[in-house]
Amino acid sequence: MDHRNPDTWTPEFAREIERVREYVATLHAELPRWGLVVWTAGNVSQRVRGEAEDGSQDLLVIKPSGVSYDDLSPEAMVVCDLDGNLVLGEGSPSSDTAAHAYVYRHMSEVGGVVHTHSTYATAWAARGEEIPCVLTMMGDEFGGPVPVGPFALIGDDSIGRGIVDTLRESRSPAVLMRNHGPFTIGRDARAAVKAAVMVEEVAKTVHVARAGGPLVPIEQHHIDSLYDRYQNVYGQH
């Protein structure tokens, strides 16, 4: 099977592609629902794992560039290889596809990537300032502060490199790319969407808290305890 040629796909792989296109289309609706995007900004992607164990035959599903959220049907989702080349679908892939593809190529554990320009998280990015870990929910979800990544321009994989270089040194599933906005990662696209919702929530709360006075930090051993409990005990396992 040539993963770049849909005519050679096995029936099982073709069905998986269609399942993921539907899944990613549905998850895009969560971004305006949670107030994380305006107009056509923002994107969700998910990796589709191919036959090769090294990930060299993996693909990604993402929305096309500049298309209204009201028009994002499963059929509108585009499929690309991990170099960002279009494999299936009509229209140009999202302008952030190169960044998503770079993350998938260099972080094999990542199954989903999300980018938004949500107001409060982007405001922290505009200052080039990490969000300090002063909330227990930040200890739970991010395992510490939400870090800031370097300034990078859209057009090549510079943004992707900044995401990977920053998150490799952090437990956080979110990074604030300086002067740009948040990118989040997860084991799948749904987990990455959750992280995007959570990073906007904590960005807003910490902003409001700081306006009222000095922030009270959480000691590192408490952050470690919160993170371990939330990741390994909380919820259904």
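Per our numbering: the sequence shown = residues 128 to 364.
All C-beta atoms, glycine included, are put in the ideal place defined by N, C-alpha and C.
Residues of its chain near residue i, where Cβ-Cβ distance is below 6 Å and the 5 sequence neighbours each way are ignored
i, result
"Pro133", "Leu215"
"His364", "Low per-residue confidence applies at His364: pLDDT is 49, beneath 50, and the placement is therefore not dependable enough to give any value."
"Trp161", "Val324"
"Phe269", "Ser299"
"Ala330", "Tyr247, Ala248, Trp251 and Ile258"
"His244", "Ala168 and Gly308"
"Leu353", "Thr263, Gly266 and Asp267"
"Leu199", "Ala152, His155 and Lys190"
"Ser221", "Asn170, Ile189, Lys190 and Ser192"
"Gly255", "Val275 and Arg305"
Reduced DSSP category for residue i - H, G, I as helix; E, B as strand; rest coil
i, result
"His242", "strand"
"Leu213", "strand"
"Trp197", "Residue identity check: residue 197 is Asp in the sequence provided, not Trp. Reduced to three states, the DSSP call for Asp197 is helix."
"Pro259", "coil"
"Asp208", "strand"
"Ala179", "coil"
"Asn132", "coil"
"Val165", "coil"
"Tyr361", "coil"
"Ala156", "coil"
"Glu346", "coil"
"Thr249", "helix"
Presumed contact (8 Å Cβ cut-off) between residue i and residue j, rounded CB distance
i, j, result
"Asn306", "Asp223", "Not really, about 15 Å apart at Cβ, beyond 8 Å."
"Gly239", "Ile350", "With a Cβ gap of about 25 Å, Gly239 and Ile350 do not count as contacting."
"Thr263", "Pro309", "With a Cβ gap of about 21 Å, Thr263 and Pro309 do not count as contacting."
"Val206", "Gln173", "Contact doesn't hold; Cβ gap of about 10 Å is too wide."
"Pro259", "Ser219", "Actually they are not in contact, since the Cβ atoms of Pro259 and Ser219 sit about 39 Å apart, beyond 8 Å."
"Ile345", "Val291", "Not quite, the Cβ-Cβ distance comes to about 27 Å (not below 8 Å), so this is no contact."
"Ala226", "Gly266", "In fact, because the Cβ distance is near 28 Å, the residues do not count as touching under 8 Å."
"Leu163", "Glu327", "6 Å"
"Val175", "Glu149", "So it is not a contact: roughly 12 Å between Cβ atoms."
"Leu342", "Val335", "The pair is not a contact, with the Cβ atoms about 11 Å apart (cut-off 8 Å)."
Counterpart residues of residue i in DSSP-defined beta bridges
i, result
"Gln173", "Val188 and Gly239"
"Pro220", "Pro191"
Beta-carbon contacts of residue i that lie in its chain and below 7 Å, excluding the five residues immediately before and after
i, result
"Asp210", "Ala228"
"Gly177", "His130, Gln184, Asp185 and Leu186"
"Thr135", "Met128 and Asp129"
"Leu154", "Val171, Ala316, Arg317 and Val320"
"Gly289", "Gly276, Pro277, Ala279 and Met304"
"Ser285", "Ala279"
"Thr137", "Met128"
"Thr293", "Pro274, Gly276 and Val302"
Neighbourhood of residue i by C-beta, 8 Å cutoff - its chain only, sequence neighbours within 5 removed
i, result
"Glu257", "Trp251, Pro272, Val273, Pro274, Val275 and Leu303"
"Arg295", "Met234"
"Ala141", "Pro133"
"Val194", "Thr167, Ala203 and Gly218"
"Tyr196", "His155, Ala156, Leu158, Pro159, Val164 and Thr167"
"Asp355", "none"
Interface flag, residue i vs chain D, CB-CB below 7 Å
i, result
"His130", "The structure shown contains no chain D; it holds only a single protein chain."
If we require 4 or more residues per run, which alpha helix (DSSP H) segments fall completely within the stretch 264 to 344? 285 to 294 and 316 to 339
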